[in-house]
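Student: These protein sequence lines are chains A and B, in that order. Under my numbering, the first residue of the first sequence carries the number 378, and numbering increases by one thereafter. Under my numbering, the first residue of the second sequence carries the number 22, and numbering increases by one thereafter. We treat Cβ as the ideally placed atom computed from N, Cα and C, and that holds for glycine. Bear in mind that the values here come from a model prediction, so they are computed numbers and not experimental data.
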Amino acid sequence: GESVGLHLPTLSVQEGDNSIINCAYSNSASDYFIWYKQESGKGPQFIIDIRSNMDKRQGQRVTVLLNKTVKHLSLQIAATQPGDSAVYFCAENVLSGYSTLTFGKGTMLLVSP
Amino acid sequence: DSGVTQTPKHLITATGQRVTLRCSPRSGDLSVYWYQQSLDQGLQFLIQYYNGEERAKGNILERFSAQQFPDLHSELNLSSLELGDSALYFCASNEGDGDIQYFGAGTRLSVL
Numbered sequence: 378g379e380s381v382g383l384h385l386p387t388l389s390v391q392e393g394d395n396s397i398i399n400c401a402y403s404n405s406a407s408d409y410f411i412w413y414k415q416e417s418g419k420g421p422q423f424i425i426d427i428r429s430n431m432d433k434r435q436g437q438r439v440t441v442l443l444n445k446t447v448k449h450l451s452l453q454i455a456a457t458q459p460g461d462s463a464v465y466f467c468a469e470n471v472l473s474g475y476s477t478l479t480f481g482k483g484t485m486l487l488v489s490p
Numbered sequence: 022d023s024g025v026t027q028t029p030k031h032l033i034t035a036t037g038q039r040v041t042l043r044c045s046p047r048s049g050d051l052s053v054y055w056y057q058q059s060l061d062q063g064l065q066f067l068i069q070y071y072n073g074e075e076r077a078k079g080n081i082l083e084r085f086s087a088q089q090f091p092d093l094h095s096e097l098n099l100s101s102l103e104l105g106d107s108a109l110y111f112c113a114s115n116e117g118d119g120d121i122q123y124f125g126a127g128t129r130l131s132v133l
């Protein structure tokens, strides 16, 4: 399918490497963050989330780190696989208000066998 | 499969025309969100409906409108289409406010 975001920052890694995708968020009031994965021709798929009362959260092969001081999120993918190749978006939200996610521009991850 | 269904998958139309995109949320979800994704703008929030009523509005043009029906499915109406409206349109749903939104596979709109 047609790729999304031809002008996105791109991270190229080898299969088996660990990947780190970074995201700077804009709203200091944001207290909830989500990482989504979007494969070519598909809709965004939830990966992992984190609330602002946490600095770190781990899932299966993925870890999200939150640094509220510098408004920075990162997504770490362990032992990256070719199937991890996709565009990754961070999204932020203020839970006290109505739920309207604000998405970052995205990063394309390319995994070579 | 997220459980969110969007139809049609592809839509090709001409400038000036009007189209309707349809979304069925996950079973039990009351909130439906519409997003536009273009190559140069990323994912842009358009509008949210909750249990039939408009709840939040984003960068939605006046030529665009949406509604949510009693069975909770939603439609996004795009009128007086322009070339620049060509994009992917996504619908997402969740139980209500906060946390994870689950996305459909999208409708690819091509305006020629």
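Return the CA-CA distance between A:Tyr409 and A:His449, expressed in angstroms with no decimal places.
Tutor: The C-alpha of A:His449 is placed about 12 Å away from the C-alpha of A:Tyr409.
Student: Alpha carbon to alpha carbon, how far is B:Leu67 from B:Gly105?
Tutor: 15 Å
Student: Kindly indicate which three-state DSSP category A:Leu385 falls into: helix, strand or coil?
Tutor: coil
Student: Could you check what DSSP says for B:Leu93 in three-state terms: helix, strand or coil?
Tutor: In this structure, DSSP gives B:Leu93 a state outside helix and strand, which the three-state scheme calls coil.
Student: Going by DSSP, which residues form a beta bridge with B:Arg129?
Tutor: When beta bridges are read from the DSSP output, B:Arg129 appears opposite B:His31 and B:Leu109.
Student: Could you tell me which of A:Leu478, A:Pro421, A:Ala406 and A:Lys445 sits nearest to A:Ser485, measuring between CA atoms?
Tutor: Rather than Ser, the amino acid found at residue 485 of chain A in this sequence is Met. The option with the nearest alpha carbon to A:Met485 is A:Pro421.
Student: Does the CB of A:Gly382 have a neighbour CB from chain B at under 8 Å?
Tutor: Confidence in A:Gly382 is poor, its pLDDT being 43 and thus under 50, which makes the residue's placement too unreliable to answer from.
Student: Which of the three DSSP states is assigned to B:Leu104 in this structure?
Tutor: B:Leu104: helix per DSSP, three-state reduction.
Student: Return the Cβ separation of B:Gln57 and B:Ala108 in integer angstroms, given the expectation that the two are a contact with Cβ distance under 8 Å.
Tutor: 5 Å
Student: Tell me, please, whether the CB atom of B:Tyr70 is closer than 8 Å to any CB atom in chain A?
Tutor: no
Student: Using only CA atoms, which one of B:Leu82, B:Leu51, B:Ala113 and B:Ala77 lies nearest to B:Asp92?
Tutor: B:Leu51
Student: Tell me which residues share the same chain as A:Phe480 and place their Cβ nearer than 6 Å to its Cβ, disregarding the 5 neighbours each side in the sequence.
Tutor: Answer for A:Phe480: Phe466 and Ala468, listed in chain order.
Student: Residues of chain A with a CB under 8 Å from the CB of B:Ile121: which are they?
Tutor: What B:Ile121 touches in chain A: Ile411, Phe423 and Asp426.
Student: Could you tell me the boundaries of the beta strand (DSSP E) in which B:Tyr70 lies?
Tutor: Gly63 to Tyr71
Student: Based on the DSSP secondary-structure assignment, which residues constitute the bridge partners of B:Arg84?
Tutor: Its beta-bridge partners do not exist; DSSP assigns none.
Student: What beta strand (DSSP E) runs, 3 residues minimum, are completely inside the stretch 393-423 of chain A?
Tutor: 396-401 and 409-415
Student: Whose C-alpha, out of B:His31, B:Trp55 and B:Thr28, is nearest the C-alpha of B:Asn115?
Tutor: B:Trp55
Student: Out of B:Glu103, B:Ala113, B:Asn80 and B:Ser100, which has the shortest C-alpha to C-alpha gap to B:Gln89?
Tutor: B:Ala113
Student: If you compare alpha carbons, which of B:Gly79, B:Thr41, B:Gly49 and B:Asn80 is closest to B:Arg129?
Tutor: B:Thr41
Student: Roughly how many angstroms lie between the CA atoms of A:Leu452 and A:Ser489, to the nearest whole one?
Tutor: Looking at the two C-alpha atoms, the distance is approximately 19 Å.
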